[in-house]
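Counting with mature numbering (1 follows the signal peptide of the UniProt record, and there is no 0), you get residues -24 to -1, 1 to 390 for the letters of the sequence shown. Cβ coordinates follow ideal geometry from the N, Cα and C atoms, glycine included.
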Amino acid sequence: MHLPVLPLLLTAGAATAMPAVTRAQDKTVVSNIQVGPRPFYLVDDMSESPLKQKLASCSEKPIQKAPAFSISHRGGPLQFPEHSRQGMLAGARMGAGIIECDVAFTKDRELVCRHSQCDLHTTTNILMIPELAAKCSKPFTPATASQPASAQCCTSDITLAEFKSLCAKMDSSNAAATTPEEYQYGGPAWRTALYDTCAEPMEHNEYIELIDSLGLQLSPELKTPAVAMPFQGSYTQEMYAQQLIDDYKRHGIDPARVWPQSFLQADILYWIDNEPSFGRQAIYLDERVDTEDGYQTAVDSLPELAKRGVKIMAPPIFALLNATADGEIVPSEYAVAAKEAGLDLVTWSLERSGPLEQAAKKSEYYVQSVASAISTDGDLYRIVDALARKVGVRGIFSDWPATVTYYANCMGLN
């Protein structure tokens, strides 16, 4: 049964109503890992197989965190507002060994956790605060008979203090909205808004302090700017990349605990050349695979990238897997080429496709290459197993880390 959506009005001042998680709990190293019922639901939904038997045999096994294999993607956005303190704490409680913060910059050049520089209109309540809504790059425009509702609000439109005054909400919008209030909600039914009660957005430095206090590893992603660089005429891409690393150095974080990411090859090479202790764990997020020509270009480039010092490639899940005519899930050309080049692999993002039966029928982005081999939610563990055992990925980003944590514990990957 789908949990009911509670459309609580996210208004200015609501941020003072703190959730049940207290700051004292923030300072506790997470050891009581709880995966909840979802992994067991997925195992029960699997077709009979040795994999199902193995996963079922672990149902009463004590669960520990998975130090590197289970990576919290944006916190726990299957149910919690992404990049919020509450979502990050949920990811930690589900056993993720690495918690992600996508990094964008504000008008006063401070770093914050936000999946896109210009997504505040769908991930926060900014449109509900008139004085901040007025600063958005594109104001709210109500839907008409011929045009959907729209807006564009960027972190670079507002200061850090203004960003921190916002409520984080589930990433959604209502294309048919005629008012900002109506625009707040419109996500898919399988993402609950049950915990959408003014979650707390995170500054990058706050994220570092929180994840460090929880005893976990950190993975900041330098988001590709949505505004022209140099920003304000002087803030360059290199300054942005360096600022991210400087935050960890200022907090005294061991580089071995930090996994910086970027979709831009230039960022990865900048870290390798200028901050080698951090650059050796830099994750090159590879979206070149989104087109047929780009996929082949990516495959052909892997040996040269390895020679240049890149250690970890991270394409989306579909780029690492293929389906055979008899329904087996096998490694892709990219996966084979990466291993031959001596590169490690990480992939993204599990639990982002929704119910797999629907995702397979639509050949949804993350499962497009294996759509013919999957039909039920239980097949999610066939995907995880293929990535782990056949491809040999070192980590999986997931919107609900408990799924990966359970697998890692059962298979001894933690």
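E158 and L136 have their alpha carbons spaced roughly 26 Å apart. Bounds of the alpha helix (DSSP H) holding V275 are E268 to R284. Buried is the label assigned to K199, since at least 16 other Cβ atoms lie within 10 Å of its Cβ. Its chain contains A282 as the residues whose beta carbon lies nearer than 6 Å to that of G318, once the 5 sequence neighbours on both sides are disregarded; these appear in chain order.
Going by beta carbons, L326 and H49 fall inside the 9 Å limit. In terms of Cα proximity to S122, the closest of T154, K140 and K111 is T154. Judged by beta-carbon spacing, V343 lies beyond the 9 Å limit of A295, meaning their Cβ atoms are not closer than that value. Three or more Cβ pairs closer than 8 Å define a contact, and the stretch 171 to 183 meets that threshold against the stretch 129 to 147. For F56, the CB contacts under 6 Å within the same chain, skipping 5 residues up- and downstream, are Q62, G63, A66 and Y171 in chain order. Taking 4 residues as the shortest admissible run, the stretch 18 to 77 contains the following complete alpha helix (DSSP H) segments, listed from N- to C-terminal end: 26 to 32 and 61 to 69. Comparing alpha-carbon positions, the option among A109, A242 and D230 lying closest to E214 turns out to be A242. Rounded to whole angstroms, D222 and P231 show a C-alpha spacing of 11 Å. Listed in chain order, the non-local C-beta contacts of C386 below 6 Å within the same chain comprise L31 and C34, local neighbours out to five positions each way being set aside.
For G255, the enclosing alpha helix (DSSP H) starts and ends at P252 to G255. Considered as a whole, the stretch 149 to 213 harbours 156 to 159 and 180 to 189 as its complete alpha helix (DSSP H) runs of no fewer than 4 residues, in chain order.
DSSP places P307 in the strand class (E or B) of the three-state scheme. Distance from the CA of I259 to the CA of K287, rounded to the nearest whole angstrom, comes to 8 Å. Approximately 4 Å separates the beta-carbon atoms of A378 and V11; this is inside 8 Å, confirming the contact. Secondary structure within the stretch 98 to 155: the beta strand (DSSP E) runs of 3 or more consecutive residues, fully enclosed, are 114 to 117 and 126 to 128 (chain order). For I248, same chain residues with a beta-carbon under 6 Å away, outside a window of 5 residues either side, are G255 and G285 in chain order.
As computed with DSSP, L321 is found in a beta bridge with M289.
Here L240 carries a coil assignment [DSSP, helix/strand/coil]. For L332, the uninterrupted alpha helix (DSSP H) segment begins and ends at L332 to K337.
Q93 is not a Cβ neighbour of C112, given a cutoff of 9 Å. Residue L240 holds the alpha-carbon nearest to the alpha-carbon of A290 among L240, N298, D355 and T98.
Beta bridge pairing from DSSP links V234 with L194.
For Y211 and N150, the gap between their C-alpha atoms comes out near 35 Å.
Within a 10 Å sphere around the beta-carbon of E76 sit 16 or more other beta-carbons, which makes this residue buried.
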